[in-house]
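Visitor: Numbering (the UniProt record's numbering), first residue to last: 1 to 372.
#1: Give the straight-line distance between the Cα atoms of residue 355 and residue 369, rounded to the nearest whole angstrom.
#2: Quick check on residue 271: does DSSP put it in helix, strand or coil?
#3: Given a cut-off of 8 Å, decide if residue 258 and residue 215 are closer than it, judged by their beta-carbon atoms.
#4: With distances taken from CA atoms, which of 213, 147 and 152 is nearest residue 163?
#5: To which residues of the same chain is residue 232 closer than 6 Å at the C-beta, ignoring the five residues directly before and after it?
#6: Which residue's Cα is closest to the Cα of residue 229: 281, 199, 247 and 295?
#7: With three or more beta-carbon pairs closer than 8 Å as the criterion, would you say the stretch 330–342 touches the stretch 144–160?
#8: Mind checking which residues open and close the alpha helix (DSSP H) that includes residue 168?
#9: Quick one: residues in its chain with C-beta nearer than 6 Å to the C-beta of residue 243, no 5 flanking neighbours on either side, listed in chain order?
#10: By the three-class DSSP mapping on this structure, what secondary structure does residue 242 have?
#11: Return yes when the Cβ of residue 299 is within less than 8 Å of the Cβ of residue 325, no when it is not.
#12: The alpha helix (DSSP H) spanning residue 332 covers which residue range?
#13: If you follow the alpha helix (DSSP H) that residue 204 is part of, which residue opens it and which one closes it?
#14: For the candidate residues 353, 245 and 136, whose alpha-carbon lies nearest to that of residue 270?
#15: Considering only their Cβ atoms, is the gap separating residue 268 from residue 415 smaller than 8 Å?
#16: Measure the C-alpha to C-alpha separation of residue 366 and residue 154 and round it to an integer number of angstroms.
#17: How would you label residue 371, buried or exposed, when you count the other beta carbons within 10 angstroms and need 16 or more for buried?
#18: Tell me the DSSP secondary structure of residue 342 in three-state form.
#19: How many Å lie between residue 315 and residue 307 at the Cα?
#20: From 353, 165, 136 and 137, pick the residue whose C-alpha is nearest to that of residue 149; which is it?
#21: Determine the direct distance from the alpha carbon of residue 192 to that of residue 113, and round the result to whole angstroms.
#22: In this structure, does DSSP put residue 347 in helix, strand or coil?
#23: I need the straight-line Cα distance from residue 197 to residue 225, nearest angstrom please.
#24: The alpha helix (DSSP H) spanning residue 224 covers which residue range?
#25: Mind checking whether residue 290 and residue 317 have CB atoms under 8 Å apart?
#26: Comparing C-alpha positions only, which one of 175, 151, 144 and 169 sits nearest to residue 134?
#27: Which residues in the same chain as residue 131 place their Cβ atom closer than 6 Å to its Cβ, once the five residues preceding and following it in sequence are excluded?
#28: What separation, rounded to the nearest whole angstrom, lies between the Cα atoms of residue 168 and residue 221?
#29: Just reading off the alpha helix (DSSP H) that residue 293 is part of, what are its end residues?
#30: Out of 321, 340 and 277, which has the shortest C-alpha to C-alpha gap to residue 312?
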């Protein structure tokens, strides 16, 4: 039956109209469509086609003729101007059968964790969350509450437990806020302490009740640290002070196995996470790693580098790159100030209580209840 070829004729004329119009037999295609319309009625008598089948064929032919003859005149004129030999008409390509969509695996359905790369739109590393750290910044180390927000310093190192109101008040005064996070231990008074897997918890931290070392290679530990950084960001901390960055050097007493390369990787990873959340990050103590990690961190914080004769390590690293070095001495008096000022450190004198009282080597007029 000729009407079995109707779809093929129509597809050849419409699927590639530019090619069809360029072909010398295009007029014949149109003529054939018209002829087929006339023959349908005759064929219906010969083969006994039903009225509704005839009507369907007529509709198809009419649609085919209209779609073939209404191709853009621009296409027609362009094809007529081409001198190239027309290509043979392509055979109609059958449409692929629809395939069912694959069922997503449970892993693909879970929300992705923040990546240790810089987040789109976040500040450049070193700029913090809105406060720019520089070598002329004055500071106080006030980890216990209450925080003395009236201290005449540029940067406050505090614990997030001080609360959002304290951070907001300091920002209202144009101060920088650095928030404390222990990245190498679990502290039993923290809200997330129970989230650490027992398999990742090691021995007690000597001298600090309720605190234990953790395996920094454990993925659950890293997820907890990422959540802590996210909280610091949500509280608008300008930077983070990571503590306990030298698990590997404590030896077997930690009860966990961490090598120096693993510690370096972990510290670098943490710096990347903090930067990805748009905050600055300091390298605390870890003097053996300073030359290796100086480019990852925005400032340094040291405890007692004068007492342990370690301050010189910062001279050709952080200080040479114009990055501030904040140093605190607990047992020495103002006799260290000349050396500290000559090196370019910002050294303050405090008690282990880490309350508001401090003495400034750079500018004694900033002192709060100085005991020296």
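The C-beta atom is built at its ideal place from N, Cα and C for all residues, glycine as well.
None of the values given here were measured: they were computed from a predicted structure.
Guide: In short, the structure shows the following:
#1: Residue numbering aside, residue 355 sits at position 355 when the chain shown is read from its first letter. Residue numbering aside, residue 369 sits at position 369 when the chain shown is read from its first letter. Spanning the two alpha carbons is a distance of roughly 10 Å.
#2: For the purposes of this step, residue 271 is taken as the residue at position 271 of the chain shown. In the structure shown, the three-state DSSP call for residue 271 is helix.
#3: As a first step, residue 215 is located in the chain shown; it is residue number 215 there, counting from the start. As a first step, residue 258 is located in the chain shown; it is residue number 258 there, counting from the start. In this structure, residue 215 sits near residue 258, with a CB-CB distance shorter than 8 Å.
#4: Locating residue 163 in the chain shown gives position 163, counting from the first residue. From the listed residues 213, 147 and 152, the smallest Cα separation to residue 163 is found for 147.
#5: Mapped onto the chain shown, residue 232 falls at position 232. Around residue 232: 179 and 240.
#6: If you number the chain shown from 1, residue 229 lands on position 229. Ranking 281, 199, 247 and 295 by Cα distance to residue 229 puts 281 first.
#7: In this structure the stretch 330–342 does not lie against the stretch 144–160, because fewer than three pairs of beta carbons, one per stretch, are closer than 8 Å.
#8: What you label residue 168 is simply residue 168 of the chain shown in a count that begins at 1. Element bounds for residue 168: 164–172.
#9: Taking the chain shown and counting its residues from 1, one reaches residue 243 at position 243. Once the five neighbours on either side are set aside, the close Cβ partners of residue 243 are 182 and 284.
#10: For the purposes of this step, residue 242 is taken as the residue at position 242 of the chain shown. In the structure shown, residue 242 sits in a strand (DSSP, three-state: E or B).
#11: Here the question's residue 325 lines up with position 325 in the chain shown. Here the question's residue 299 lines up with position 299 in the chain shown. The criterion of a C-beta distance shorter than 8 Å is satisfied by residue 325 and residue 299.
#12: Position 332 of the chain shown, counted from the start, is the residue given in the question as residue 332. Segment: none, residue 332 is in no alpha helix (DSSP H) and carries neither H nor E.
#13: As a working note, residue 204 is residue 204 in the chain shown. For residue 204, there is no enclosing alpha helix (DSSP H); the residue is found in the beta strand (DSSP E) stretching over 201–204.
#14: The count along the chain shown starts at 1 and reaches residue 270 at position 270. A check of alpha carbon separations from residue 270 across 353, 245 and 136 identifies 245 as the nearest.
#15: With the chain covering only 1 through 372, there is no way to say anything about residue 415.
#16: Taking the first residue of the chain shown as position 1, residue 366 is located at position 366. Taking the first residue of the chain shown as position 1, residue 154 is located at position 154. Taking the straight line from one Cα to the other gives about 11 Å.
#17: Looking up residue 371 in the chain shown gives position 371. By the neighbour-count rule (16 or more Cβ atoms within 10 Å), residue 371 is not buried but exposed.
#18: Within the chain shown, residue 342 is the residue found at index 342, counting from 1. Under the three-state reduction of DSSP, residue 342 is assigned to helix.
#19: Taking the chain shown and counting its residues from 1, one reaches residue 315 at position 315. Taking the chain shown and counting its residues from 1, one reaches residue 307 at position 307. For residue 315 and residue 307, the distance between alpha carbons rounds to 17 Å.
#20: As a working note, residue 149 is residue 149 in the chain shown. Checking every option, the nearest Cα to that of residue 149 belongs to 165.
#21: For the purposes of this step, residue 113 is taken as residue 113 along the chain shown, with counting starting at 1. For the purposes of this step, residue 192 is taken as residue 192 along the chain shown, with counting starting at 1. Unreliable placement is indicated for residue 113, whose pLDDT of 38 sits below 50; no coordinate value is reported for it.
#22: Taking the first residue of the chain shown as position 1, residue 347 is located at position 347. Residue state, collapsed to three classes: strand.
#23: Along the chain shown, one-based indexing puts residue 197 at 197. Along the chain shown, one-based indexing puts residue 225 at 225. Going by the C-alpha atoms only, they are around 13 Å apart.
#24: Position 224 of the chain shown, counted from the start, is the residue given in the question as residue 224. Residue 224 -> alpha helix (DSSP H) spans 219–234.
#25: The residue given as residue 290 occupies position 290 in the chain shown. The residue given as residue 317 occupies position 317 in the chain shown. Against a cut-off of 8 Å, the Cβ pair of residue 317 and residue 290 comes out as a contact.
#26: Position 134 of the chain shown holds residue 134. When only C-alpha atoms are compared, the closest one is 175.
#27: The count along the chain shown starts at 1 and reaches residue 131 at position 131. Beyond the five residues adjoining it in sequence on each side, residue 131 comes within less than 6 Å, by CB distance, of 176 and 238 in the same chain, given in chain order.
#28: Residue 168 sits at position 168 when you count from the first residue of the chain shown. Residue 221 sits at position 221 when you count from the first residue of the chain shown. One Cα belongs to residue 168, the other to residue 221, and the distance between them is close to 29 Å.
#29: Start at 1 with the first residue of the chain shown, and residue 293 comes out as number 293. For residue 293, the enclosing alpha helix (DSSP H) covers residues 290–293.
#30: Within the chain shown, residue 312 is the residue found at index 312, counting from 1. Scanning 321, 340 and 277 for the CA closest to the CA of residue 312 turns up 340.
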